[in-house]
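K.L.:
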Amino acid sequence: MLDLNDIAVFARVAEAGSFTAAARLLAMPKTTVSRRIAALEREVGVRLLQRTTRSLSLTDAGRQYYEQSSLALRALEEANSRLSEARAEPSGTIRISAPVGFGAYFLNGAVVDFLAMYPKTKVELRLTDDWLNLVEDGIDLAFRTGVLQDSTLIARKLGSTHRLFCASPEYIARRGAPERPADLAGHDCVIAGSSAAGINWVLDGPNGHETVTVAGRFAANEMQSVVAATLAGFGIAQLPHGMAEAFIDEGRLRRVLQGYTTPAGGLHVLYPSSRHLSPLVKAFIDLAAGQISNRANTA
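So the sequence shown is numbered by the numbering used here: it starts at 86 and just counts up by one.
1) How many whole angstroms separate the CB atoms of residue 224 and residue 180, which I take to be in contact at a CB cut-off of 8 Å?
2) If we call anything under 9 Å between Cβ atoms a contact, is residue 315 one with residue 270?
3) Between the beta-carbon of residue 323 and the beta-carbon of residue 250, is there less than 9 Å?
4) When the Cα of residue 268 is compared with those of 159, 342, 151, 120, which residue comes out closest?
5) Could you compute how far the alpha carbon of residue 109 sits from the alpha carbon of residue 143?
6) Nearest CA to the CA of residue 306: which residue from 145, 261, 212, 162?
7) Should residue 98 be labelled buried (16 or more other beta-carbon atoms within 10 Å of its own) or exposed?
8) Taking only the alpha-carbon atoms, compute the straight-line gap between residue 87 and residue 161 and give it to the nearest angstrom.
9) Relative to the C-alpha of residue 348, which residue among 325, 176, 124 is closest?
10) Please classify residue 317: does DSSP put it in a helix, a strand, or coil?
11) From the DSSP output, which residues share a beta bridge with residue 353?
12) Could you check where the beta strand (DSSP E) with residue 300 kicks off and where it finishes?
13) Give the DSSP bridge partners of residue 284, in chain order.
14) Per DSSP, which residues does residue 182 bridge with? Please list them.
15) Just to confirm, are residue 346 and residue 289 a CB contact at a threshold of 9 Å?
16) Quick one, are the C-beta atoms of residue 276 and residue 303 less than 9 Å apart?
Here is the structure:
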């Protein structure tokens with residue numbers, strides 16, 4: 086007979102990506118995790134995990150089994166959690182991950198309001214442009230922009246974002262402003278990435294999408310550094326709409342290529358698929374979603 090505990094262990098291994106990480110999260114010995122997975126595979130009669138000395142991955146059968154069994158597990162968790170959820174006041178620590186530039190612009194207000202509204206809560210905000218493993222790193226929810234990677238995470242779309250092309254008044258006075266996308270190839274560009282040369286920028290304008298290969302003297306994989314270099318006059322950058330507008334209003338930046346933006350990208354909040362949303366996490370998502378989607382969709 087199938088043991089639901091074995092299925093729950095399998096789901097956690099699938100999400101964590103290793104027996105060691107799953108054992109740590111489940112607070113049980115690694116040997117117990119391995120034994121439970123073996124028992125489940127004997128019961129269902131197929132191999133669910135492909136093991137090597139260096140890696141672990143789901144077989145095709147394992148992937149299908151995870152997708153179906155995780156739905157049942159979530160339903161059971163929700164049934165248990167909802168018995169007390171109505172009376173529960175959000176309390177405890179919530180761990181949130183977000184890209185650096187996104188967190189500074191979109192999340193600060195939501196975090197401050199959340200802490201003021203729920204005095205029994207704590208927030209640990211981890212701003213990084215690295216793609217973290219939410220389960221292994223103990224993250225309750227993460228905010229992501231752009232195209233999502235395939236994963237076992239639940240994603241809720243909050244809105245869309247795009248970027249404007251900007252430069253400092255000093256740079257424009259020195260080098261002039263591009264009149265059409267192709268002109269960017271002759272300008273210094275501040276690159277949000279790891280390389281300052283041979284980067285393709287995609288612009289969305291009157292003629293649809295246009296691609297231009299750009300280069301510059303400075304590149305950084307962190308948005309605040311990109312902004313600082315742009316303000317210092319090192320070139321033209323593509324900046325999140327709301328962030329760009331704030332500097333434009335102050336006169337510290339000017340928009341170039343007025344009829345163009347980057348193509349709109351998705352703005353999502355993600356959380357582990359097998360983890361029922363606690364009152365704490367749900368309260369933050371509900372609060373942040375309204376604020377973030379308003380800023381994103383008006384940007």
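By construction, the Cβ of each residue, glycine as well, lies at the ideal position given by its N, Cα and C atoms. Computed from a predicted model, the values in this text were never measured in an experiment.
P.N.:
Looking at the coordinates:
1) 5 Å
2) Contact: no.
3) In contact: residue 323 and residue 250 (Cβ atoms closer than 9 Å).
4) 342
5) 20 Å
6) 212
7) buried
8) 16 Å
9) 325
10) coil
11) BP columns for residue 353 point to 229, 242.
12) 293–305
13) 299
14) 211, 227
15) Pairing residue 346 with residue 289 gives a Cβ-Cβ distance under 9 Å.
16) yes
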